[in-house]
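J.: Residue numbers (the numbering used here): 8 to 171. Here a beta-carbon is modelled for each residue, glycine too, at the ideal position from N, C-alpha and C.
#1: Using beta-carbon positions only, say whether residue 116 and residue 147 come within less than 8 Å of one another.
#2: With distances taken between CB atoms, is the gap from residue 45 to residue 122 smaller than 8 Å?
#3: If distances are taken between C-alpha atoms only, which option among 32, 33 and 37 comes closest to residue 126?
#4: Do you know offhand how far residue 16's Cα is from residue 120's?
#5: The alpha helix (DSSP H) with residue 154 in it runs from where to where?
#6: Which of the three DSSP states, helix, strand or coil, is assigned to residue 65?
#7: Beta-carbon within less than 6 Å of residue 88's beta-carbon, same chain only, minus the 5 sequence neighbours each way: which residues are those?
#8: Are the CB atoms of residue 158 and residue 57 nearer to each other than 8 Å?
#9: Considering only residues of the same chain and omitting the five flanking positions on each side of residue 11, which have a CB-CB separation below 6 Å?
#10: With residue 42 and residue 99 assumed to form a contact (beta carbons below 8 Å), what rounded beta-carbon distance in angstroms separates them?
#11: Nearest CA to the CA of residue 140: which residue from 114, 149 and 131?
#12: Can residue 52 and residue 71 be called in contact, C-beta distance under 8 Å?
#13: In this structure, does DSSP put residue 126 in helix, strand or coil?
#14: I need the boundaries of the beta strand (DSSP E) containing residue 35, first residue and last residue.
#15: Tell me which same chain residues have a C-beta within less than 8 Å of the C-beta of residue 76, skipping the five on either side of it?
Here it is as structure tokens:
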């Protein structure tokens, strides 16, 4: 018997060798307002809505910002952690970055966030992929799949939208 659990989730392979089989984490939300406002809310004002208490390196009291080509967290004592490096910046439509909060660029995944106009405002589509770049692809996938919906719910509320 290959697996002790008869109902194991086949969509979540085990081990680093299976990283290529992990699906991208894709989250889509809609916020009220035009694309440029949504992009600015996400990138210029992340420090106002990002859930630092649960999704950061240094915890509550720290600050996240998009600074030049970096996504950077600064602790209240001045320590910094680079979460990612932006390598494609297309305001107000999208950005792409290496993504490695809490680790080094050596262990990065890929993050793309795209903004497009829809009838109710702006659709924000976030895709994290490239799990083979993570030190522990499966754990990184699990963390992303669990965290992004919560993070984006905070963004929706910040932008004045309703969370379902």
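T.: The relevant details are as follows:
#1: yes
#2: yes
#3: 37
#4: Bear in mind that a pLDDT of 46 at residue 16, under 50, signals an unreliable position, so the number given afterwards is only what the model happens to contain. Cα-Cα distance, rounded: 27 Å.
#5: 144–165
#6: coil
#7: 64 and 80
#8: yes
#9: At residue 11, the pLDDT of 37 sits below 50, so the modelled position is not reliable; the number obtained from the coordinates is stated separately. Taken in chain order, the list of residues that qualify is empty.
#10: 5 Å
#11: 114
#12: no
#13: coil
#14: 32–38
#15: 92, 93, 94 and 96
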